[in-house]
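One structure is given here, and the rest of the page talks about it.
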Amino acid sequence: MTQYEKAKKGLVTPEVEKVAGEEEIPLDTLKGYTLSGEVVILNNRRGDSLGIGKGLRVKVNANLGTSPEICDLEWEKKRLIAAVEAGADTIMDLSTAGDLDKTRKMFLENCSLPLGTVPVYQAAVESIQEEGSLAKMKPGKIFEVIEKHARDGVDFITVHCGINRKILEMFKNNKRLMYVVSRGGAFHVTWMVATGKENPLYENFDDLLDIARQYDIVLSLGDALRPGALRDSTDVLQIQELLTHGELVERAREKGVQVMVEGPGHVPLSHVEANVTMEKRICKGAPFYVLGPLVTDAALGYDHIACAIGGALACWKGADFLCYVTPGEHIRLPTPEDVKEGVIAARIAAHAGDLARGMKKAWALDNEISDKRNKREWESEIALSLCPEKARAMWEESRPLRPGICSMCGEYCSLKLVEDWLKNES
Ligand code: SF4
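All letters in the sequence shown, in the order written, are residues 80 to 505 by this note's numbering.
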């Protein structure tokens with residue numbers, strides 16, 4: 080039975096209890112959100128579990144995995160360590176090169192965080208290698224790979240079920256700059272165009288649900304048509320795919336399968352709130368997993384900042400799960416340092432969203448740090464912060480000669496001046 084089916088029967092699972100305890104949310108409230116599908120529980124069969132959705136802290140995912148250009152398992156381990164140490168909540172293995180089974184098992188063995196994958200990558204890459212072309216990929220191959228990932232203990236999978244022939248037809252009358260920037264989406268579209276057939280994940284969605292139900296794997300409905308440029312944001316193609324996702328969410332829930340929905344992408348700041356509202360409304364409150372959003376196309380080298388700006392607003396308005404973007408986005412496979420910077424930027428965005436949503440734990444942290452800052456207790460302030468390592472290095476590098484101040488204002492430290500003045504007054 081899945082977590083969702085157990086919730087329907089009124090059962091309280093140890094996983095729900097654990098999440099309620101960790102997140103300091105009343106058990107009955109969390110039970111209600113699990114039952115309504117507004118929260119999904121990633122039920123990590125390797126010993127841990129994680130809740131994503133309404134009333135819970137916003138989570139951060141780090142994408143890792145090999146590419147045909149850089150395929151080195153030792154380097155992947157370094158990037159994994161960087162992501163975990165920087166505070167990622169989940170990892171996705173997006174590998175497309177090397178021994179894909181071995182790489183996935185490396186992630187499963189070396190990381191206790193929930194793991195996500197995009198099985199169509201493996202189905203497509205192996206079909207190209209074994210059959211000579213993507214067009215020869217057999218629909219059954221996608222389902223075989225999905226079941227293999229589920230059996231291995233993967234916690235969630237991105238499945239591009241919403242891109243169907245109806246939307247392909249709509250391409251003719253709805254021009255875009257970048258039709259498909261999603262890699263999984265591009266595999267599906269290429270296959271559909273070459274074969275003239277329907278997307279197997281859409282056509283045989285019930286088969287997918289049977290596998291997801293058997294292993295209680297969470298489905299993340301991937302947005303093949305997420306905008307890859309601001310000028311394509313919130314267009315007809317994107318919204319049509321979202322409407323399809325809304326229908327699929329209902330079908331998943333009817334079968335007892337936990338589901339979340341993925342979202343943009345490149346969108347201007349002014350579209351972010353509308354995108355969250357539409358997803359929540361059309362997909363009946365399903366947790367929203369946003370890839371960015373990047374609020375400008377012009378921040379090359381600093382796309383983690385463009386993402387954090389959009390991510391913070393998206394979280395404030397209701398997004399539940401942020402996929403990090405690194406400084407290397409659009410340029411290279413992220414280095415371990417890029418991974419670290421990307422995770423930290425997304426965690427800051429998630430925390431800002433938590434504060435705006437009035438999360439008590441987030442406010443408690445900020446209030447405590449403010450107290451330490453007011454007293455200029457740097458060691459405590461740094462230890463509590465989101466990235467102590469960098470702050471500590473900066474502090475050590477520029478330690479002031481006098482106590483109770485920092486090198487920013489020196490003897491004109493406003494906090495100390497007013498503190499001294501108040502002491503003299505009393
Ligand atoms: S010296 Fe300036 S920056 Fe440093 S603690 Fe005092 S007021 Fe803040």
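Beta carbons: idealized from backbone N, C-alpha and C, even for Gly.
Secondary structure of residue i, DSSP reduced to three states
i: E341; result: strand
i: I423; result: helix
i: D127; result: strand
i: Y368; result: strand
i: S349; result: helix
i: G58; result: Because the chain in this structure spans residues 80 to 505, residue 58 falls outside the shown range and cannot be described.
i: C485; result: coil
i: S132; result: With the sequence shown as reference, residue 132 is identified as Gly, and Ser is not the correct amino acid for it. Note: G132 maps to strand in three-state DSSP.
i: N122; result: strand
i: C492; result: coil
i: N189; result: helix
i: T323; result: helix
i: S299; result: strand
i: D399; result: coil
i: N446; result: helix
i: N278; result: coil
i: T356; result: helix
i: M257; result: coil
i: I318; result: helix
i: K439; result: helix
i: T194; result: Just to set this straight, residue 194 is Leu in the shown sequence, not Thr. Residue state, collapsed to three classes: strand.
i: I384; result: helix
i: K227; result: helix
i: I361; result: helix
i: N142; result: strand
Contact under 8 Å by Cβ, residue i with residue j
i: V369; j: L348; result: no
i: G195; j: T237; result: yes
i: G232; j: R158; result: no
i: V340; j: R332; result: no
i: S428; j: A387; result: One detail in the question is off: residue 428 reads as Ala in this sequence, not Ser. Yes, the Cβ-Cβ distance between A428 and A387 is below 8 Å.
i: D302; j: P343; result: yes
i: V351; j: G389; result: yes
i: M249; j: G307; result: no
i: P366; j: F400; result: yes
i: K110; j: G364; result: no
i: L179; j: Q201; result: yes
i: L300; j: I361; result: no
i: L309; j: H267; result: no
i: L463; j: K454; result: no
i: E103; j: K502; result: no
i: I448; j: E458; result: no
i: A203; j: A273; result: no
i: R481; j: E490; result: yes
i: V118; j: L135; result: yes
Residue i CB to nearest heavy atom of ligand 1 below 7 Å
i: I461; result: no
i: M487; result: yes
i: K495; result: yes
i: I423; result: no
i: R455; result: yes
i: I448; result: no
i: I484; result: yes
i: C394; result: no
i: C492; result: yes
8 Å contact criterion, which residue i and residue j should meet: CB distance rounded
i: V404; j: A161; result: In fact, because the Cβ distance is near 15 Å, the residues do not count as touching under 8 Å.
i: R292; j: G335; result: 6 Å
i: T81; j: D314; result: At roughly 35 Å, the Cβ-Cβ gap does not stay under 8 Å, so T81 and D314 are not in contact.
i: L412; j: S146; result: 5 Å
i: T113; j: Y83; result: 7 Å
i: D433; j: V137; result: 6 Å
i: V425; j: V139; result: What sits at residue 425 in the sequence shown is Ala, not Val. Indeed, because the Cβ distance is near 4 Å, the residues count as touching under 8 Å.
i: L173; j: G144; result: 4 Å
i: D286; j: F222; result: 6 Å
i: P406; j: G380; result: 6 Å
i: L129; j: P193; result: 5 Å
i: V163; j: C190; result: 6 Å
i: V297; j: D376; result: Incorrect: roughly 31 Å between the Cβ atoms, too far for contact.
i: N252; j: L316; result: With a Cβ gap of about 10 Å, N252 and L316 do not count as contacting.
Proximity test, residue i beta-carbon vs ligand 3 heavy atom, cut-off 7 Å
i: L501; result: By its list of ligands, the structure shown excludes ligand 3, since it contains just ligand 1.
Min CB distance residue i to chain C below 8 Å
i: G325; result: You won't find chain C in this structure, because it holds only one protein chain.
Looking at C-beta atoms only, is the number of pairs between the segment 325-332 and the segment 149-164 that lie closer than 8 Å three or more? no
Inspect the CB distances between the segment 386-401 and the segment 351-361 and report whether three or more fall short of 8 Å. yes
Segment contact flag, the segment 243-255 with the segment 171-186, C-beta cutoff 8 Å, min 3 pairs: no
Three or more C-beta pairs closer than 8 Å, one from the segment 217-224 and one from the segment 160-168: is that the case here? no
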